[in-house]
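Here's the structure we're looking at; comments come further down.
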């Protein structure tokens, strides 16, 4: 396994990328057609190195022959900020093009995936549903997916840049209209269905997670919509013990034909 770190001058972002280049295992992987690639997102207060610090993603990726790409996004919910960096554009345009030019990854949608936890769980579904032409599968762990409900119930002070991230859903009275907007995964799913290209979805949440009930609601709504959804739950909270366990299940699901 070779780990490389990059600095993207266009967005002033630091990104880390995992590439499987162990010469002892070259024959095991199909380099000619391109390796599968996962864009793995962090949660609030995280960065490009969160997964490397707190999980065994190095080993899990190498065992399965998948390239894993991680990049920082602040507490942006992976949006193009009104004042600041354009994270949505970065993750859907600049970063994939760079990775495809540097690593032996597949350019095919069928081998391109996105996953994350908490804020990154929302980000994974958001990116996957808004750009189903790029990602064939999107996976969330402990995801803040029901963004409209979570915003309505948020504390008066929280770490997220709501006005900056969701600026065009901000009303004159300071409230937000996220339900039905381009930020709403439920709406994005409906649009993807209408357009005839929908990613397969995965979600997992611990029974002791503060987002557990929210995730159950998302599961119910998506099942009613007839989504191609894998749902997993188990013992665990909003922590790395749960995410490190379930990222292994996600990786197996991603590379399963």
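Numbering (the numbering used here), first residue to last: -9 to 247. Don't be surprised by glycine CBs; every beta carbon is placed ideally from N, CA and C.
Query, Result
"Collapsed DSSP secondary structure at residue 223 in the structure displayed", "strand"
"Proximity of residue 99 and residue 178 at Cβ, strictly below 8 angstroms", "no"
"Neighbour-count burial assignment, residue 187, 16 or more Cβ in a 10 Å radius", "exposed"
"Local conformation of residue 87 per DSSP, three classes", "helix"
"Length of the line joining the Cα atoms of residue 58 and residue 30", "7 angstroms"
"Segment limits, alpha helix (DSSP H) that includes residue 204", "202 to 214"
"Assigned secondary structure, residue 136 (DSSP; H/G/I helix, E/B strand, else coil)", "coil"
"Presumed contact (8 angstroms Cβ cut-off) between residue 191 and residue 218, rounded CB distance", "6 angstroms"
"Three-way DSSP call (helix, strand, coil) for residue 176 in this model", "helix"
"Exposure label - residue 43; buried when at least 16 CB within 10 Å", "exposed"
"Range covered by the beta strand (DSSP E) that runs through residue 29", "27 to 31"
"Straight-line Cα distance separating residue 171 from residue 138", "9 angstroms"
"Proximity below 8 angstroms, CB of residue 60 to CB of residue 34", "no"
"Every unbroken beta strand (DSSP E) inside the segment 30 to 65 [3 residues or more]", "57 to 61"
"Helix, strand or coil at residue 71 according to DSSP, with G and I counted as helix", "coil"
"Residue span of the beta strand (DSSP E) that contains residue 130, given as start and end", "127 to 131"
"Residue 193 - partner residues in DSSP beta bridges", "130, 221"
"Buried versus exposed, by CB contacts within 10 Å (16 or more), residue 46", "exposed"
"Nearest-angstrom beta carbon gap, residue 193 and residue 209 [assumed within contact, 8 angstroms]", "7 angstroms"
"Residue 233 versus residue 166 - alpha carbon distance", "30 angstroms"
"Unbroken alpha helix (DSSP H) run spanning residue 232, endpoints", "230 to 245"
"Coil, strand or helix - residue 80 by DSSP", "helix"
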